[in-house]
Structures are given as structure tokens and as C-alpha cells.
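Quick note: the sequence shown uses my numbering, first residue 232, plus one each step.
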Amino acid sequence: MISSSAQGLFRSIQTSSKSMLSPPHFKLSRLNSSSVNLTNIEQEALKHKVEKIGINFDACTPGQYTHQICPLCKGGQSKERSLSFHVNQNEKLAIWRCFNFECGWAGHVLADVSPTQDGHNKVKFSKKLSAETLRLEPLGIELINYFAKRMISAEVLQKNAVMQMVDDKNVIAFTYRRKGEIVNCKFRSIANRKFWQAKHGERILYGVDGINEGNTIVIVEGEIDKLSMDEAGILNCVSVPDGAPQQVSLKALPSKKQDARFKYLLDCNLDKASKIILATDGDGPGQALAEELSCRLGKERCWLVTWPKKDEVTRHKDANEVLVHLGPEALRHTVETAGLYQEKKI
Numbered sequence: 232m233i234s235s236s237a238q239g240l241f242r243s244i245q246t247s248s249k250s251m252l253s254p255p256h257f258k259l260s261r262l263n264s265s266s267v268n269l270t271n272i273e274q275e276a277l278k279h280k281v282e283k284i285g286i287n288f289d290a291c292t293p294g295q296y297t298h299q300i301c302p303l304c305k306g307g308q309s310k311e312r313s314l315s316f317h318v319n320q321n322e323k324l325a326i327w328r329c330f331n332f333e334c335g336w337a338g339h340v341l342a343d344v345s346p347t348q349d350g351h352n353k354v355k356f357s358k359k360l361s362a363e364t365l366r367l368e369p370l371g372i373e374l375i376n377y378f379a380k381r382m383i384s385a386e387v388l389q390k391n392a393v394m395q396m397v398d399d400k401n402v403i404a405f406t407y408r409r410k411g412e413i414v415n416c417k418f419r420s421i422a423n424r425k426f427w428q429a430k431h432g433e434r435i436l437y438g439v440d441g442i443n444e445g446n447t448i449v450i451v452e453g454e455i456d457k458l459s460m461d462e463a464g465i466l467n468c469v470s471v472p473d474g475a476p477q478q479v480s481l482k483a484l485p486s487k488k489q490d491a492r493f494k495y496l497l498d499c500n501l502d503k504a505s506k507i508i509l510a511t512d513g514d515g516p517g518q519a520l521a522e523e524l525s526c527r528l529g530k531e532r533c534w535l536v537t538w539p540k541k542d543e544v545t546r547h548k549d550a551n552e553v554l555v556h557l558g559p560e561a562l563r564h565t566v567e568t569a570g571l572y573q574e575k576k577i
């Protein structure tokens, strides 16, 4: 088993092929369900899916892990066998993960087949996100305890539908929902603090499904900060999906159609909010994010949080740090005393 400390920054993908891959040509035989055992059909379907995306199915023994050259990054500069590939014992599930730091490609496929009108079986491909397709389950005690150390309760976790991966109990799954349906999922490994997202997920604000159309909305930089705001009783809060840029763009503000990085602001429609409190991190990237958001949302309706001091020199970095060290009352007070953005901007 590969150590979790070796995991790189990767993103979860579905089973559709990428143009940069050169998968081997594999033709699935036209198998008739009346003459071939369904298990064999499923195994053949799984093999077809795996080989279509460029992974050597036959190199793996069911129930064991093999290391292969990743078809996406080709092993990087060192040409190492960085792809860990696994097929379960009954050959109905294949999972993989590339441990090349510059790649991190990961995903899984299931051996699902369905009969077509001509009586033959055909592989099904689905991009719909759900707890089943993402292989999610309710949080276990280890991750509940992890959040407890950050002063976030099991009740808040359940309210926000925070889950974990079935295949890795150390991976948190923050489910992004619209009208109750999962439209994106952001994964976080507590072993190495790496993040990745569902490949076909929508880029929307985290927690947008739970906000009302009130006058004030709080925007934070990460999912744990949004959960921290809930603990402080600040429920009309959302988090950006991609974290903060390293610096403010020097280019002119792009048109709404070309503004790909911040398209989630349009998709979530914050026009009805008359007051937007920016509670981004207190570091350089956090300040850059606040500037980018205020330019798009309108500085005249933006307020900026100033995090409390730790000592004479430094301040607390974000909402969760304030919650852990100063408590929910202090966090709520910090947000309520935010100043106009133009007055507070550094």
C-alpha cells in the first residue's frame, strides 16, 4: 500500500478520455447475455473502460496494487511508475492514483453494463455526481475527532453534508450542493493537506445552497472557515471553491464571459445582497482574493474583516484560527465589526 505521505496534488476525474491521452485501441466483443455469464460481461466491461483511458488492465492481479507509467504525465521527468492501480477481487471496481506531485491524476470506474435494444450489453458512462459515483460515505469517528480539534461539531458537519471517501478514511469530502443535489465535491487529505476536486463538478460557492436572500452575505476563503462561521452563528456564509490567487491580476477586469476563474460569482448570483463581508485570510493571497472579489462585486457594498491580534506583531490568519483560539463569540464580533472595504484595504 502506498503511504499517504507520498500522495501528490491531484484531481478526481470521471471515466471520459482526455485528448492528451493515447489509449490503446480495445474493441469490446458483442457479448450476448443469454450465452455469457453476467460476471464475465462485467469483467470485460471494466477492462474496456480501463484500457480506454490508457491503463494496462492485464498488468494487475485482482486484489493487489500495481505500479504503472501514468498515461497522463508519462511518469514526469524521471519516467517513474507513479500510477498506483488496483482492481478489487471480484473485478467490479478499478481505482487509480498518480503519485507524481506535478500530476496527481486519480479516479475510479465501475463494471456497470446494461442491455441495449438489440439484446447486447454496452458499457454505460455517467457524469452525474452523487455519493455513489463519488464513492462517499458518512464521516467516521477519526474525521469527526479531527474536526472537533478545530472546534467544529458533528452537528455542523452533518448540516453541511461533509462526508469522507470510502477508499481512504483520511480524505474529507466537502460536497457542493444546489437544490440538495451534489454538483461538485472538493476532497482534502488530512495526511498531507492536499486538495483536489471532482473533474466534472460545477464551480459554485460552497454553502450557497443554504444561504437566504438576506441583505448580508459573508464570503470566506475555504470550506473549514465556512464551517467555523456556522459554529459562530453566522449562517449566511459561503466559501470560494478555488482558494486565493497569489497576487492581484495586473490586467484590466475581463468581461463576464471571459472571467473564467471567478465565473462562480455569476453562477451563484449575489446581486440581491446589499452588504458583502469579505472574511478572506489575512495573508498576501487572502488580501489579493479580497481585492479581486471587491472589484467584481462592487467596492461600495463590500466590507473587510480585520482579524484580531495574536500578539504585538501578528494577527490571527482566518476564521477557524479565531474560533479555535478565541471562541465563537470573538469570531462573531470580528465579523460584525468589519469596516468598509475602501477604508480597510491595505
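Glycine included, C-beta positions come from ideal geometry on N, C-alpha and C.
Can you look up residue i in the DSSP assignment and give me helix, strand or coil?
| i | result |
| --- | --- |
| Thr-406 | strand |
| Arg-312 | coil |
| Val-479 | coil |
| Ile-286 | coil |
| Phe-378 | helix |
| Gln-579 | Given a span of 232 to 577 for the chain in the structure shown, any question on residue 579 remains unanswerable. |
| Gly-441 | helix |
| Val-555 | helix |
| Lys-540 | strand |
| Lys-417 | strand |
| Leu-252 | Since pLDDT at Leu-252 reaches only 35, below the 50 mark, its modelled position is unreliable, and the value read off the structure follows with that caveat. Looking at Leu-252 - three-state DSSP - the assignment turns out to be coil, as it is neither helix nor strand. |
| Ala-429 | strand |
| Gln-518 | helix |
| Val-471 | coil |
| Glu-412 | strand |
| Leu-388 | helix |
| Lys-530 | helix |
| Leu-277 | helix |
| Thr-297 | strand |
| Ala-463 | coil |
| Arg-424 | coil |
| Thr-447 | strand |
| Pro-368 | A quick correction: the sequence has Glu, not Pro, at residue 368. DSSP places Glu-368 in strand when its eight states are reduced to three. |
| Leu-535 | strand |
| Lys-487 | coil |
| Ile-383 | coil |
With a Cβ-Cβ cutoff of 8 Å, do residue i and residue j count as a contact?
| i | j | result |
| --- | --- | --- |
| Trp-538 | Gly-570 | no |
| Ala-342 | Lys-359 | no |
| Leu-436 | Val-414 | no |
| Cys-329 | Ser-309 | no |
| Leu-367 | Met-396 | yes |
| Lys-530 | Tyr-572 | yes |
| Asn-331 | Cys-304 | yes |
| Val-471 | Leu-509 | no |
| Arg-527 | Phe-493 | yes |
| Thr-406 | Ala-392 | yes |
| Ala-362 | Met-394 | yes |
By Cβ distance, which residues of its chain are closer than 7 Å to residue i, with the 5 residues on each side in sequence left out?
| i | result |
| --- | --- |
| Asn-551 | Arg-381, Ile-455, Asp-456 and Ser-459 |
| Asp-512 | Glu-452, Ala-475, Lys-548 and Asp-549 |
| Ile-326 | His-317, His-339 and Asp-398 |
| Leu-554 | Met-382, Ser-459, Glu-462, Ala-463 and Leu-562 |
| Val-585 | Only positions 232 to 577 of the chain appear in the structure, and residue 585 is not among them; the question remains open. |
| Asn-401 | Ser-235, Ser-420, Ile-421 and Ala-422 |
| Tyr-377 | Ile-421 |
| Lys-506 | Asn-446, Thr-447, Arg-532 and Trp-534 |
| Gly-517 | Glu-452, Ala-475 and Thr-511 |
| Lys-541 | His-547 |
Taking 8 Å as the limit between beta carbons, can you name the residues of its chain near residue i, skipping five residues before and five after?
| i | result |
| --- | --- |
| Gly-445 | Asn-467 and Ala-504 |
| Ile-442 | Ile-448, Leu-466, Asn-467, Cys-468 and Val-469 |
| Leu-557 | Pro-539 and His-547 |
| Lys-410 | Asp-440 |
| Ile-450 | Leu-436, Cys-468, Val-469, Ser-470, Val-471, Ile-507, Ile-508, Leu-509, Ala-510, Thr-511 and Leu-524 |
For residue i, count neighbouring Cβ atoms within 10 angstroms of its own Cβ and tell me buried if that reaches 16, exposed if not.
| i | result |
| --- | --- |
| Pro-293 | exposed |
| Asp-461 | buried |
| Asp-440 | buried |
| Thr-545 | exposed |
| His-279 | buried |
| Ile-371 | Here residue 371 is Gly; the residue named in the question, Ile, does not match the sequence. It counts as exposed. |
| Lys-482 | exposed |
| Arg-434 | buried |
| Ala-404 | buried |
| Leu-484 | exposed |
| Lys-487 | exposed |
| Leu-497 | exposed |
| Asn-500 | exposed |
| Asn-321 | exposed |
| Arg-424 | exposed |
| Ala-491 | exposed |
| Lys-390 | exposed |
Leaving out five residues before and five after residue i in sequence, what residues of the same chain have Cβ atoms less than 6 Å from its Cβ?
| i | result |
| --- | --- |
| Cys-291 | Thr-297, Phe-316 and Val-318 |
| Ser-260 | For Ser-260, the predicted structure reports a pLDDT of 35, less than 50, and the residue's modelled location is therefore unreliable. A value from the coordinates is still provided. Cβ neighbours of Ser-260 beyond the five flanking positions: none. |
| Gln-477 | Pro-516 |
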